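All you need for the working numbering is the position in the sequence shown, starting with 1, plus 17.
Single-structure report; data block below.
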Amino acid sequence: MPLKAGEVLFRKALVPYGETGEDGATRAIVYPGFVKVLQDGDTLEVPHLGTVSSIAASHRDLVPAVPPEGSPRPGLLARYADPTQNPTGGEPVPYSALLNDAQGISLNVQPGKTYFLRTVNMAAFSQFYLHFDQHQLTIVEIDGVYTKPQTVDSLYIANGQRYGVLLKTKPTASRNYAFLGSMDTTKYDRVPGYLNENVTGNLIYSTTAAPAEMPVVPAFNVIDDFTLVPYDGMPLLSAAPNSQIVLNADFFQRDGQNSAGFNNITYIPQRVPSLFTALSAPPGLAEKPQIYGVNSNAFVVKLGDVVEIVINNYDAGSHPFHIHGHDVQLVARQPGVYNPPPHFKHPEQPQKNGHKGLANALGYAGNTATMPAVPMRRDTWMIAPNGYTVIRFVADNPGVWWHVEVGLAMTLVEAPKQLQQQQTLNTAMAGICKAQNIPSTGNAGGDTKNWLDLSNAVTVSSPPRGAIYP
18 MPLKAGEVLF RKALVPYGET GEDGATRAIV YPGFVKVLQD GDTLEVPHLG TVSSIAASHR
78 DLVPAVPPEG SPRPGLLARY ADPTQNPTGG EPVPYSALLN DAQGISLNVQ PGKTYFLRTV
138 NMAAFSQFYL HFDQHQLTIV EIDGVYTKPQ TVDSLYIANG QRYGVLLKTK PTASRNYAFL
198 GSMDTTKYDR VPGYLNENVT GNLIYSTTAA PAEMPVVPAF NVIDDFTLVP YDGMPLLSAA
258 PNSQIVLNAD FFQRDGQNSA GFNNITYIPQ RVPSLFTALS APPGLAEKPQ IYGVNSNAFV
318 VKLGDVVEIV INNYDAGSHP FHIHGHDVQL VARQPGVYNP PPHFKHPEQP QKNGHKGLAN
378 ALGYAGNTAT MPAVPMRRDT WMIAPNGYTV IRFVADNPGV WWHVEVGLAM TLVEAPKQLQ
438 QQQTLNTAMA GICKAQNIPS TGNAGGDTKN WLDLSNAVTV SSPPRGAIYP
């Protein structure tokens with residue numbers, strides 16, 4: 018929910034390990050000076066290496082978080098969404114790579130020590146490689162999930178992914194060493210001449226020694242994160258799922274804008290935020306997905322359900338996908354798309370040019386024998402071009418979870434009956450809604466009398482402000 022200009026909202030979130038906050042975060046992003054890390058059956062306390070190593074990409078015309086009411090759309094989003102300026106729908110390529118919002122940063126280290134380094138890809142579009150010259154990294158955590166140690170030469174970090182790694186320093190301080198963040202330019206439709214795709218920094222062993230030069234890396238040697246094993250050994254959710262959701266992801270034009278969506282539906286925020294609809298709905302109606310509006314793309318699951326989501330990527334490019342509220346088991350993936358059961362039909366939507374997708378011989382068949390015994394868990398993962406990924410989780414976190422900008426999003430309404438028993442709309446949120454004339458009760462269209470009347474729900478995104486704003 019946007020804040021009105023000049024307003025300040027303070028939220029206090031206590032998030033135990035393995036649980037999630039209201040924003041879907043599974044772990045604090047900033048760590049204290051020392052971090053406890055699970056390794057080889059022991060809890061090690063290691064120093065945190067300076068600040069969070071955030072990888073990002075610089076756009077010179079950044080999009081503000083919320084444009085003022087009635088103002089034109091910001092430049093970057095406007096050009097991306099406008100088919101006349103961007104007929105192919107290609108994502109904007111940034112100007113430069115950044116580490117901790119800068120280039121040429123330094124991290125001070127001492128010889129013979131082991132440091133914990135937290136890496137976060139904060140870029141809107143770019144995937145990154147991260148490489149430390151003549152140093153290896155030991156992965157011990159991904160997206161807040163401890164893993165069995167895995168030593169690598171380089172990291173590949175997709176948008177929104179987080180890695181916790183151990184870095185062991187050299188025994189002497191005879192010289193300094195460079196580290197490199199490099200964009201994966203194969204994901205761009207084009208590579209413009211202005212692009213500065215690399216960013217470097219230095220591990221400073223000695224302040225009297227010269228800074229190190231950028232390392233030459235002929236090829237980045239990275240591992241497949243699908244092979245990482247959670248430290249807690251949580252076994253595969255092998256029972257037949259109670260709920261299966263099939264999501265066909267694609268990019269298309271709708272309402273005169275470049276858009277994206279699942280099952281030919283582009284996500285558009287409704288007049289009433291979906292969480293408030295779930296909290297205010299009468300008994301029995303909160304579990305009906307239609308009250309959240311067609312363009313919230315809502316799926317309702319019950320408390321304790323084993324949920325399986327099959328995501329088909331009908332685009333020719335690989336894409337990161339992200340879920341709030343859970344770290345999920347990634348149980349299957351393959352080139353090709355899944356042929357859903359005959360009863361599954363995704364709804365048609367007017368004014369869209371999308372793909373319905375055809376069955377592929379490589380499609381997912383639900384065979385648990387081919388799934389990992391202890392699947393990797395995280396909340397952000399990559400899906401191959403024209404491929405699918407299957408995730409599973411237990412619906413044990415009542416809430417309403419959604420994510421993403423130009424419509425490639427869906428809403429997971431989890432255990433709404435229990436949600437109503439656990440939460441209420443607090444006064445601060447109610448005040449924010451009132452100040453902006455946003456209704457805080459009712460169905461997607463704000464109707465509190467006839468909850469199945471969605472005639473006032475939002476079905477067309479507003480061109481002046483873009484699809485990400487109501």
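Ideal Cβ placement from N, Cα and C applies to all residues, glycine included.
Bear in mind the structure is a predicted one, so any value in this text is a computation, not a measurement.
* **Member of Asn281, Trp468, Ile326 whose CA lies at the smallest distance from the CA of Phe410** => Ile326
| Buried versus exposed call for Tyr211 [16 or more other C-beta atoms within 10 Å across all chains shown] | exposed
request  = Assess, as a yes-or-no matter, whether the region 184–196 is touched by the region 229–236 under the definition of 3 or more beta carbon pairs within less than 8 Å.
outcome  = The region 229–236, when compared against the region 184–196, does touch it at the 8 Å Cβ threshold.
query: Roughly how many angstroms separate the alpha carbons of Ile262 and His148, rounded to a whole number?
result: 38 Å
What does DSSP give as the partner residues of Asn431 in its beta bridges? Just to set this straight, residue 431 is Glu in the shown sequence, not Asn. The partner list for Glu431 (beta bridge, DSSP) reads Val318, Gly416.
Subject >> Span separating the alpha-carbon of Pro415 from that of Met399 >> reply: 26 Å
Residues that DSSP places opposite His339 in a beta bridge: Thr397
- Is it true that the region 276–287 meets the region 310–325, where meeting means three or more beta-carbon pairs spaced less than 8 Å apart? Cβ pair count under 8 Å is three or more, so yes.
(request) Answer with buried or exposed for Ala382, where buried requires no fewer than 16 other C-beta atoms within 10 angstroms of its C-beta. (result) By the 16-neighbour rule on beta-carbons within 10 angstroms, Ala382 is exposed.
Kindly identify the DSSP beta-bridge partner or partners of Gln351.
Tyr405
Examine chain C for any beta-carbon lying closer than 8 Å to the beta-carbon of Phe133, and answer yes or no.
The chain labelled as chain C is not found in the depicted structure, where only one protein chain is given.
In angstroms with no decimal places, state the Cα-to-Cα distance between Leu296 and Thr441.
-> 7 Å
Taking only three categories from DSSP, how would you classify Val289? coil
**Item:** Candidates Leu429, Phe293, Cys450: closest to Thr465 by CA position
**Value:** Phe293
Which stretch, first to last residue, makes up the beta strand (DSSP E) that contains Ile240?
-> Counting along the chain, Ile240 falls outside any beta strand (DSSP E), and DSSP gives it neither H nor E.
Counting Cβ pairs, one atom from each stretch, are 3 or more of them under 8 Å apart for the region 216–226 and the region 252–259? Short answer: they don't touch.
Give the C-beta separation of Phe237 and Tyr146 to the nearest angstrom, bearing in mind that I take them to be a contact with Cβ-Cβ under 8 Å.
-> Beta-carbon to beta-carbon, Phe237 and Tyr146 are separated by about 4 Å, close enough to satisfy the 8 Å threshold.
(message) Please tell me whether Leu154 and Leu116 are closer than 8 Å, where the distance is taken between their beta carbons.
(response) Between Leu154 and Leu116, the C-beta gap is not smaller than 8 Å, which leaves the two residues out of contact.
* Three-state secondary structure assigned by DSSP to Ala376 -> Here Ala376 scores only 39 on pLDDT, less than 50, and its place in the model should not be relied on; the value that follows carries that caveat. Residue state, collapsed to three classes: coil.
Would you call the region 335–342 and the region 448–466 touching, i.e. three or more CB-CB distances under 8 Å? no
Please state the DSSP three-state secondary structure of Ala229. coil
Residue burial classification, Gly256 (beta-carbon count within 10 angstroms, cutoff 16)
Reading off the sequence, residue 256 comes out as Ala, not Gly. Burial call: exposed.
| Looking at C-alpha atoms only, which residue of Lys187, Phe142, Val246 is the closest neighbour of Glu6? | The chain is shown only over 18 to 487; residue 6 falls outside these bounds and no answer can be derived.
Spatial neighbours of Ala474 in its chain, beta-carbon cut-off 8 Å, leaving aside the 5 residues before and after: Gln287, Arg288, Gly310, Val311, Asn312, Asn460, Ala461, Gly462
Evaluate Arg394 with the Cβ neighbour count: other Cβ atoms within 10 Å of its Cβ, from every protein chain shown; 16 or more gives buried, anything less gives exposed.
buried
| said: So, under 8 Å CB-CB, Pro128 and Lys187 are touching, yes? Tell me the CB distance rounded to an integer number of Å. | reply: 6 Å
- Spatial neighbours of Gln151 within its chain, please: CB distance less than 7 Å, with the 5 preceding and 5 following residues excluded, ordered by chain position. Tyr194
Just reading off the beta strand (DSSP E) that Lys185 is part of, what are its end residues?
179–185
Rounded to whole angstroms, what's the CA-CA distance from Leu320 to Glu431? Just pull it up for me.
-> 7 Å
Next item on the list: Drop a sphere of 10 angstroms on the beta-carbon of Ala140, count the other beta-carbons inside from all chains shown, and report buried for 16 or more, exposed for fewer.
Entry: Buried: at least 16 other Cβ atoms inside 10 Å.
Notebook entry, point to check: Which whole-angstrom value describes the C-beta separation of Ile159 and Leu264, a residue pair presumed to lie in contact below a C-beta threshold of 8 Å?
Noted result: The Cβ separation is near 22 Å, so there is no contact.
Just how far apart, CA to CA, sit Glu304 and Gly342?
-> 18 Å
8 Å Cβ cutoff met for Val537 and Pro247:
Outside the displayed range of the chain (18 to 487) lies residue 537, so it cannot be described from this structure.
| Thinking just about the alpha-carbon of each residue, which of Leu429, Gln274, Thr202 is nearest to the one in Tyr112? | Closest by alpha carbon: Thr202.
Exercise for the section: Drop a sphere of 10 angstroms on the beta-carbon of Pro352, count the other beta-carbons inside from all chains shown, and report buried for 16 or more, exposed for fewer. Expected result: exposed
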